[in-house]
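Written out below as structure tokens is the structure these notes cover.
In our numbering, the protein residues as written are 1 to 109.
Put into structure tokens, the structure is as follows:
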């Protein structure tokens, strides 16, 4: 059974995954692709870990806390990278990443 705190963290992870996927797609259309390489890479990695951590919590994995801790670190790094860019999609992604990192830190505690 999924607890309320799991539900909040799962929701934050899914929202972050969606924001990262949106940012990833938008970054691929930016004129200066060289400037966006790190952002694109982090978007992919962050979306993948968010998906994985949501699945781990949904299946009550005994490693959920450790996976949440790693997810928090990846989300924080992605948020910091996205925050460097003025694009609206990057700023929205950064916000979602920071929210997810906070939820994951609470789950890992």
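By construction, the Cβ of each residue, glycine as well, lies at the ideal position given by its N, Cα and C atoms.
All of these numbers come straight from a predicted model, not from anything done at the bench.
- DSSP places residue 48 within a helical segment (H, G or I) once states are collapsed to three.
- If you look at residue 95, you'll find it in the alpha helix (DSSP H) that goes 88–108.
- Residue range 64–83 is occupied by the alpha helix (DSSP H) that includes residue 83.
- Taking C-alpha positions only, residue 58 is separated from residue 7 by approximately 9 Å.
- Secondary structure of residue 29 (DSSP, three-state): coil.
- Measuring C-alpha to C-alpha distances from residue 87 to each of 18, 31, 5 and 16 identifies 31 as the nearest.
- Close CB contacts of residue 75 within its chain, under the 8 Å cut and outside five residues either way in sequence, are with 16, 46, 49, 50, 97, 98, 100, 101 and 104 (chain order).
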